[in-house]
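In my numbering, the protein residues as written are 1 to 319.
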């Protein structure tokens with residue numbers, strides 16, 4: 001008798017191949033196809049249901065590999081050249097969006113701490129979705145593509161203190177908020193220093209030695225070890241795994257192996273990233289849509305309008 005995990009994977013692959021093939025024929029983004037697969041195989045619709053735990057861990061690795069390839073596209077010299085634009089626009093966008101949406105939530109009756117959380121959450125953008133869309137359009141290396149991803153990654157970095165601050169919001173500062181924020185930022189700096197040192201004095205000689213063996217298998221294993229090792233390091237430091245993978249990719253972006261690394265990791269990234277969108281789709285309950293669709297549509301349009309307006313104004317101001 002087949003194991004339930006094997007049957008779930010077989011059902012998932014069969015459904016995914018069919019839906020993605022149809023969506024690509026219709027020139028619809030593949031990410032929407034994965035979302036639909038998640039809805040169809042999720043617990044909120046009739047028909048077969050797969051265990052979400054079977055894909056949750058694999059989906060996490062998809063995000064890790066995605067951020068690793070994004071890091072490969074951003075060398076330290078490029079980030080240094082864009083530092084004023086990214087830091088200025090990024091800080092202004094996050095601060096203004098948090099303030100505007102937070103004030104709106106506060107005026108709607110939310111407590112100040114809750115209003116701040118709402119504003120901070122909606123100030124973020126999905127690096128996963130942005131990168132996937134730019135990649136499908138072949139614009140990830142364009143100026144606007146690089147700037148968009150850079151701003152999104154900057155937002156990812158700002159989530160480090162936010163994730164620490166949110167659980168202790170509403171408490172007095174003497175209970176450890178300042179110390180917790182300082183500790184989180186200190187761990188981020190430590191992770192950067194460790195991976196920077198490893199990239200310069202360990203990983204470069206390692207990849208030169210591996211490349212000298214002319215073994216695609218060994219090179220693939222080394223890339224996977226590097227990516228997952230960096231992700232594990234930041235996880236041990238209390239930071240996100242994708243953040244570590246991004247730092248590792250950025251450290252290796254100056255080497256002559258960056259394009260070979262990206263080509264090696266891409267198949268793993270694309271398949272596992274699809275599972276991430278499937279997992280998101282499994283959380284959607286179609287039966288709840290009729291009662292909230294109008295509020296959801298108005299809220300989404302208002303949020304999109306506010307962010308586009310703010311970023312557009314800031315972009316023109318920055319030149």
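All C-beta atoms in this analysis are idealised placements derived from N, C-alpha and C, irrespective of residue type, glycine included.
With 16 other Cβ atoms within 10 Å as the buried cut-off, status of residue i
i	result
residue 24	exposed
residue 230	buried
residue 172	Low local confidence applies: a pLDDT of 43 at residue 172 is under 50, so the model's placement there is unreliable, and no value is given.
residue 242	buried
residue 73	buried
residue 186	exposed
residue 239	buried
residue 287	exposed
residue 8	buried
Separation of residue j from residue i, as counted between CA atoms
i	j	result
residue 31	residue 276	9 angstroms
residue 248	residue 130	20 angstroms
residue 133	residue 114	31 angstroms
residue 309	residue 188	31 angstroms
residue 138	residue 12	28 angstroms
residue 174	residue 121	Note that residue 174 scores 44 on pLDDT, short of 50, meaning its location in the model is unreliable; the coordinates nonetheless yield the value given after this. Going by the C-alpha atoms only, they are around 25 angstroms apart.
residue 223	residue 62	14 angstroms
residue 96	residue 116	12 angstroms
residue 48	residue 255	47 angstroms
residue 274	residue 220	21 angstroms
residue 320	residue 15	Absent from the structure is residue 320, since the part of the chain shown begins at 1 and ends at 319.
residue 142	residue 86	15 angstroms
residue 119	residue 205	45 angstroms
Beta-carbon proximity of residue i to residue j, cut-off 9 angstroms
i	j	result
residue 125	residue 152	yes
residue 28	residue 303	no
residue 36	residue 19	yes
residue 272	residue 99	no
residue 252	residue 226	yes
residue 190	residue 237	yes
residue 257	residue 211	yes
residue 320	residue 52	Past the boundaries of the shown model lies residue 320; the chain is included only from 1 to 319, so the question cannot be answered.
residue 326	residue 245	Because the chain is modelled from 1 through 319, residue 326 falls outside the range shown and cannot be assessed.
| task | Take every Cβ of the stretch 43-50, pair it with every Cβ of the stretch 275-294, and state whether three or more of those distances are shorter than 8 angstroms. | result | yes
Inter-stretch contact at 8 angstroms, needing at least 3 Cβ pairs: the stretch 291-298 / the stretch 63-72: no
**Prompt:** Three or more C-beta pairs closer than 8 angstroms, one from the stretch 256-265 and one from the stretch 201-219: is that the case here?
**Reply:** yes
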